[in-house]
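Working notes for the structure below.
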Amino acid sequence: MPDIPPTPPAPAASEHPAPRDAACVEGRGLATAKGEGIGDARTDAAHIDMAQAGPSGAAVIVIPSYDRPEQLRLCLDHLSRLDGGPWQVIVVDDGSPEPLAPVCADFPGVRCVRRENGGPGAARNTGAAAAGEARWLLFTDDDCRPRPDWALRMLQAQGGVPMRLVGGRIENMLCNVFSQASQSLSSYLYAYYQSRGSQMSFFTTNNMCCRTADFAAVGGFDPKFRIASEDRDLSLRWKDAGGALSHVPGAVVDHAHRLTLASYWRQHANYGHGARTLHLALDGRGDDRPKVEPFGFYLGLLLWPLRHSSRLRLVESGLIGLSQVAMVWGYWRAKRAGRRG
């Protein structure tokens with residue numbers, strides 16, 4: 001095994017200043033076991049076993065990005081201050097109108113790979129292919145702000161175990177009710193499966209880690225999923241190949257995806273479109289697993305903000321109801337378009 005770098009000391013508070021838009025962080029994501037809160041974003045790196053994690057040079061962080069240079073810059077700034085670094089980062093410019101290479105050039109160790117626009121899943125595949133001999137892949141997005149101990153915690157949890165897909169926790173960091181409602185959906189899904197003692201159904205692609213060899217073995221992300229649901233498809237194929245999904249609540253990524261009513265509707269209509277693509281893929285594989293959750297799932301989803309939100313609970317619950325209408329609309333439009341095609 002390659003040499004293991006020494007475990008870095010816990011960073012001083014001044015080493016990791018609060019992100020520029022962190023004033024509205026409210027600690028609203030999935031609660032961890034035994035009521036653990038978010039706590040300090042700075043976690044003592046001495047508690048992380050570097051012999052398990054391996055050297056940072058054996059891992060590559062992959063970020064797909066399209067036409068969001070300022071978001072990307074903030075993300076790269078946070079990655080530059082990760083514990084255990086420097087880390088190798090590959091940004092895949094998915095055909096942005098203005099190339100993102102100048103942004104990447106401001107950060108040592110960041111490589112920019114440009115490709116024709118093909119969607120985030122295909123872009124992640126391009127990044128994985130460019131990772132070379134890296135043993136691990138970590139995925140996040142350009143609107144995310146990984147906390148200092150994120151990468152080490154993800155690698156420690158993965159531990160070199162074959163076919164173990166690791167996912168961390170996502171926290172909305174904006175005082176934007178649409179962003180909060182969108183995050184509540186993911187938080188509810190994670191909590192729903194955990195509360196039933198079942199294996200996680202999927203991990204979102206903005207906080208995910210796996211061995212490079214395993215990613216290649218399952219075929220990476222399916223490029224047919226240009227809009228959404230590539231994470232669900234990968235997770236299902238991962239489990240079908242005998243793999244396991246392991247949740248790591250301590251590996252936190254703060255998410256700064258600012259939404260309006262129009263973009264919130266569009267986001268969830270896209271999720272419906274992705275669900276239709278996923279159902280077609282499952283049918284093509286002869287997969288007969290249920291495609292709709294039981295009634296209690298949807299009731300719990302609507303009630304989630306009322307039980308877990310700190311403010312605007314009724315508004316957020318209403319927006320979650322609206323999201324389901326948007327998803328049905330997106331699904332129906334995709335189905336109708338398929339018939340016409």
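Note that full-length UniProt numbering numbers the sequence shown so that position 76 is 76, with each residue one more than the last.
Glycine included, C-beta positions come from ideal geometry on N, C-alpha and C.
In this text the structure is predicted, and so the values were computed from the model without any measurement.
Enumerate in chain order the residues of its own chain whose CB-to-CB distance from residue i is below 7 Å, with the five nearest sequence positions on each side excluded.
| i | result |
| --- | --- |
| A326 | W265, H268, A269 and G272 |
| Y192 | F297 and G300 |
Taking all protein chains shown into account, decide if residue i is buried (16 or more other Cβ within 10 angstroms of its Cβ) or exposed.
| i | result |
| --- | --- |
| L319 | buried |
| Y297 | Note that residue 297 corresponds to Phe in the displayed sequence, not to Tyr. Exposed. |
| R336 | exposed |
| L82 | buried |
| A105 | exposed |
| D283 | exposed |
| F295 | exposed |
| R135 | buried |
| R311 | exposed |
| L174 | buried |
| T277 | buried |
| P99 | exposed |
| T205 | buried |
Contact defined as beta carbons within less than 8 Å: I believe residue i pairs with residue j. What is the distance between those atoms, to the nearest angstrom?
| i | j | result |
| --- | --- | --- |
| D94 | A123 | 4 Å |
| A157 | V62 | Going by Cβ atoms, the distance from A157 to V62 rounds to 18 Å, so no, they are not a contact pair. |
| M208 | V166 | 7 Å |
| D254 | E171 | 5 Å |
| F178 | L245 | That belief does not hold up - the Cβ atoms of F178 and L245 are roughly 28 Å apart, past 8 Å. |
| V60 | Q88 | 5 Å |
| G84 | L152 | 5 Å |
| L74 | S65 | Actually they do not touch by this definition, with Cβ atoms about 12 Å apart. |
| D67 | S96 | 4 Å |
DSSP three-state label for residue i, please.
| i | result |
| --- | --- |
| K175 | Correcting the residue type first, residue 175 is Cys in the shown sequence and not Lys. It is coil, neither helix nor strand. |
| A244 | strand |
| G119 | coil |
| A228 | coil |
| D93 | strand |
| A59 | strand |
| L100 | coil |
| M208 | strand |
| L165 | strand |
| G250 | strand |
| L137 | strand |
| V218 | coil |
| R111 | strand |
| H257 | coil |
| R145 | strand |
| S65 | strand |
| S235 | helix |
Give me, in chain order, the residues of the same chain whose beta-carbon lies closer than 8 Å to that of residue i; leave out the 5 immediate sequence neighbours on both sides.
| i | result |
| --- | --- |
| V218 | L234, R237, W238, A241 and G243 |
| P223 | G118, G119, G121, A122 and N125 |
| G321 | L302 |
| L185 | L301, I320 and S323 |
| F215 | A128 and L137 |
Among the residues of its own chain, which have a CB less than 6 Å from the CB of residue i, if the five just before and after it don't count?
| i | result |
| --- | --- |
| A181 | E316, L319 and I320 |
| R115 | T126 |
| R111 | I90 |
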